[in-house]
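Colleague: Sending over a structure as structure tokens; questions will come in a sec.
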Amino acid sequence: MIFNRNYNKRIKMNSMRIPLRKHPLNYLKAIHNVLKIQKNAPVCLFTTSVDVVDSLSSQIVQRTKEKNTVNIQNHMVENGSKSTNPPMTDEERDNLIKELMSKNRNRQLETLVREMKNKRQFMNEETLKKLFKHYSLDGKPEMIIILQKYCANVDPNLYQRNVEFLHYLAKAHCFKGNSERGLSILTHCYRKYEGYRSFYRLIFRELIQDSVLNRSEASLIVFKKYVLDFSEQWSDHYPLICFWYICWSSNWFSDQMLSNELLETSEALQDIIRDKAMAFSITVLNNDYNEDAVLRLLQNLLKHKMMEEYSKVLQVLFNYKCKYNIMKNRDVRGCTEIVRNCQSLGISLSSDQQGRYITLLINGSEDKPEKFIPDKTKLFKFKF
Numbered sequence: 097m098i099f100n101r102n103y104n105k106r107i108k109m110n111s112m113r114i115p116l117r118k119h120p121l122n123y124l125k126a127i128h129n130v131l132k133i134q135k136n137a138p139v140c141l142f143t144t145s146v147d148v149v150d151s152l153s154s155q156i157v158q159r160t161k162e163k164n165t166v167n168i169q170n171h172m173v174e175n176g177s178k179s180t181n182p183p184m185t186d187e188e189r190d191n192l193i194k195e196l197m198s199k200n201r202n203r204q205l206e207t208l209v210r211e212m213k214n215k216r217q218f219m220n221e222e223t224l225k226k227l228f229k230h231y232s233l234d235g236k237p238e239m240i241i242i243l244q245k246y247c248a249n250v251d252p253n254l255y256q257r258n259v260e261f262l263h264y265l266a267k268a269h270c271f272k273g274n275s276e277r278g279l280s281i282l283t284h285c286y287r288k289y290e291g292y293r294s295f296y297r298l299i300f301r302e303l304i305q306d307s308v309l310n311r312s313e314a315s316l317i318v319f320k321k322y323v324l325d326f327s328e329q330w331s332d333h334y335p336l337i338c339f340w341y342i343c344w345s346s347n348w349f350s351d352q353m354l355s356n357e358l359l360e361t362s363e364a365l366q367d368i369i370r371d372k373a374m375a376f377s378i379t380v381l382n383n384d385y386n387e388d389a390v391l392r393l394l395q396n397l398l399k400h401k402m403m404e405e406y407s408k409v410l411q412v413l414f415n416y417k418c419k420y421n422i423m424k425n426r427d428v429r430g431c432t433e434i435v436r437n438c439q440s441l442g443i444s445l446s447s448d449q450q451g452r453y454i455t456l457l458i459n460g461s462e463d464k465p466e467k468f469i470p471d472k473t474k475l476f477k478f479k480f
């Protein structure tokens, strides 16, 4: 009887499994029933009941754990979506780029540009060109290459319209001090893009001016080689003329000697000087008040037996010295030296100039002329 009664209780417990699984909150009732059964039967007979309770409790704990895990994940996703900043607009992104550029935060700007490249986010064309200009003048070719890759990937049409932005890369190398690399890139551009050669001439002129005023003597030797190559290979004498003019009008003796070497080397330059000597003299006198440059030019003209051009430049110099009389800075002595020079070389001044010289002798004096200080003068930096 005892066995049958215990057996019936076991069947009753087994029948409770399904309701307990569906209603976990009845867990306490199940525990209470098990304890009552334990009082009336040996432990060995309700082993299955204990297994049921263990299984039931583990299932409840597991379900609660899974539910909590799901709730936590959903909570994190919801909060994450709320805490993440929304995507920036194009205007906000451009403003951020300008701010980083103005503060010279190059690494952050590099990271931002790489991210924009990977996401194919467009940058304002004006902002992009400001970046190119800034880093080219700052002498950072590495940043120029990063910007080139960005533009080639995101906006290939703009990249091609601006001839790969290679002129900025050339300028960056030159301003960094690597003139050989910069001019080789510029030469490649000149050879590849024939329709943009006038533009590259202007870039070359800008680099020449910076080189003569701010760079070393070694840089000038590199520029001399390239301007002669341009003149000989493509008959493009504009870079050669620009380089000669800046060296000729410079206050540095080494620059002046370099201009003389160019004149000795290039016959094309001699022909251009023969044609433009008077124009060069007028420009350097009116803009820079540089009489010494004109005197050096007269010596070169006399050396190469360009007597007609010598006469024209001498007349320009005479007119310039007569101008001192109008400004009450009499240079009678200088005009007298010019007249004597003309007589010794068999050159005659115009009748108008001779009349002004006579008037100058009558009304002027032989006093030392006052020093004329121009309003603007060129600033030359020391070279080391």
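Its first residue numbered 97, the sequence shown is counted upward by one per residue in our numbering.
Glycine included, each C-beta is placed from N, C-alpha and C at the ideal position.
(1) As an exercise, report each continuous alpha helix (DSSP H) stretch of at least 4 residues that is fully enclosed by the region 357-390, in chain order.
(2) Quick one: Cα of LEU254 to Cα of TYR341, how far?
(3) Give a yes or no on whether the C-beta atoms belonging to GLU206 and ILE241 are separated by under 8 Å.
(4) Taking DSSP as the reference, what is the three-state secondary structure of GLY235?
(5) Does the beta-carbon of GLY451 have 16 or more other beta-carbons within 10 angstroms, so that it is buried, or is it exposed?
(6) Taking C-alpha atoms, which residue in ALA266, VAL308 and HIS284 lies nearest to SER232?
(7) How is GLN217 classed by DSSP in three states: helix, strand or coil?
(8) From what residue to what residue does the alpha helix (DSSP H) around ASN347 run?
(9) If you measure between the beta carbons of ASP351 and VAL318, is that distance less than 8 Å?
(10) Using C-beta distances below 6 Å, list every residue in its chain close to PHE300, excluding the 5 sequence neighbours before and after it, in chain order.
(11) Is the separation between the beta-carbon of PHE414 and that of LEU365 shorter than 8 Å?
(12) If we count the other Cβ atoms within 10 Å of its Cβ and call it buried at 16 or more, is LEU227 buried or exposed?
(13) Residues in the same chain with beta-carbon distance under 7 Å from VAL409, minus the five sequence neighbours each way, listed in chain order, please.
(14) Rounded to the nearest angstrom, how far is the Cβ of HIS269 from that of GLY278, given a contact under 8 Å?
(15) Could you pull the start and end residues of the alpha helix (DSSP H) that LEU445 belongs to?
(16) Could you give the residue range of the alpha helix (DSSP H) that holds ASN258?
(17) In or out: ASP388 buried (at least 16 other Cβ within 10 Å) or exposed?
(18) For the putative contact between ASN214 and ASP186, defined by C-beta atoms under 8 Å, what is the C-beta separation to the nearest angstrom?
(19) If you draw a straight line from the alpha carbon of ARG216 to that of VAL250, how long is it in whole angstroms?
(20) Am I right that TRP344 and SER355 are in contact with their C-beta atoms under 8 Å? What's the rounded C-beta distance?
(21) Could you tell me the distance, in whole angstroms, from the CA atom of LYS178 to the CA atom of PHE271?
(22) Rounded to whole angstroms, what's the CA-CA distance from SER440 to GLN449? Just pull it up for me.
(23) Return yes when the Cβ of VAL412 is within less than 8 Å of the Cβ of LEU457, no when it is not.
(24) Can you tell which of ASP384, MET212 and VAL435 has the C-alpha that lies nearest to the C-alpha of SER407?
(25) Do ARG216 and the ligand SAH come close, with the Cβ less than 7 Å from some heavy atom?
(26) Can the beta-carbon of LEU316 be found closer than 8 Å to that of THR361?
(27) Which residue marks the beginning of the alpha helix (DSSP H) containing ASN191, and which one marks its end?
(28) For the alpha helix (DSSP H) holding GLU276, just list the boundary residues, first then last.
(29) Among the residues of its own chain, which have a CB less than 8 Å from the CB of ILE304, if the five just before and after it don't count?
(30) Identify the continuous alpha helix (DSSP H) that holds ARG297 and give its terminal residues.
Modeller: Considering the structure as presented:
(1) Runs found: 363-384.
(2) Rounded to whole angstroms, LEU254 to TYR341 spans 36 Å at the Cα level.
(3) In this structure, ILE241 does not lie closer than 8 Å to GLU206 by Cβ.
(4) DSSP places GLY235 in coil when its eight states are reduced to three.
(5) That one is exposed.
(6) Out of ALA266, VAL308 and HIS284, ALA266 has the C-alpha closest to the C-alpha of SER232.
(7) Looking at GLN217 - three-state DSSP - the assignment turns out to be coil, as it is neither helix nor strand.
(8) Counting along the chain, ASN347 falls outside any alpha helix (DSSP H), and DSSP gives it neither H nor E.
(9) Between ASP351 and VAL318, the C-beta spacing is not below 8 Å.
(10) Cβ neighbours of PHE300 beyond the five flanking positions: PRO335.
(11) At the C-beta level, PHE414 and LEU365 stay beyond 8 Å of one another.
(12) Burial call: buried.
(13) Closer than 7 Å at Cβ, skipping near neighbours: ALA373, MET374, SER377, VAL390, LEU393, LEU394 and LEU397.
(14) At roughly 3 Å, the Cβ-Cβ gap stays under 8 Å, so HIS269 and GLY278 are in contact.
(15) LEU445 -> no alpha helix (DSSP H), and no H or E assigned at all.
(16) In the DSSP assignment, ASN258 falls outside any alpha helix (DSSP H) and carries neither an H nor an E.
(17) By the 10 Å Cβ count, ASP388 comes out exposed.
(18) Contact check for ASN214 and ASP186: beta-carbon distance about 17 Å, past the 8 Å limit, so the pair fails to qualify.
(19) In a straight line, the C-alpha of ARG216 is about 5 Å away from that of VAL250.
(20) That pair is a contact at about 4 Å.
(21) Caution applies to LYS178, whose pLDDT of 40 falls short of 50 and renders its modelled position unreliable; the value that the coordinates give is listed next. Near 47 Å, if we compare the C-alpha coordinates of PHE271 and LYS178.
(22) Straight-line Cα distance between these residues: approximately 17 Å.
(23) No, the Cβ-Cβ distance between LEU457 and VAL412 is not below 8 Å.
(24) It is VAL435.
(25) Ligands in the displayed structure: none, and consequently the ligand SAH is not present.
(26) No, they are not a contact pair.
(27) Counting along the chain, ASN191 sits inside the alpha helix (DSSP H) bounded by residues 186-198.
(28) For GLU276, the enclosing alpha helix (DSSP H) begins and ends at 275-288.
(29) Exclusion of the five residues before and after ILE304 leaves PHE319, VAL323, PRO335, CYS338, PHE339 and ILE342 as the residues of its chain whose Cβ lies within less than 8 Å of its Cβ.
(30) In the DSSP annotation of this structure, the continuous segment of the alpha helix (DSSP H) that includes ARG297 starts and ends at 293-310.
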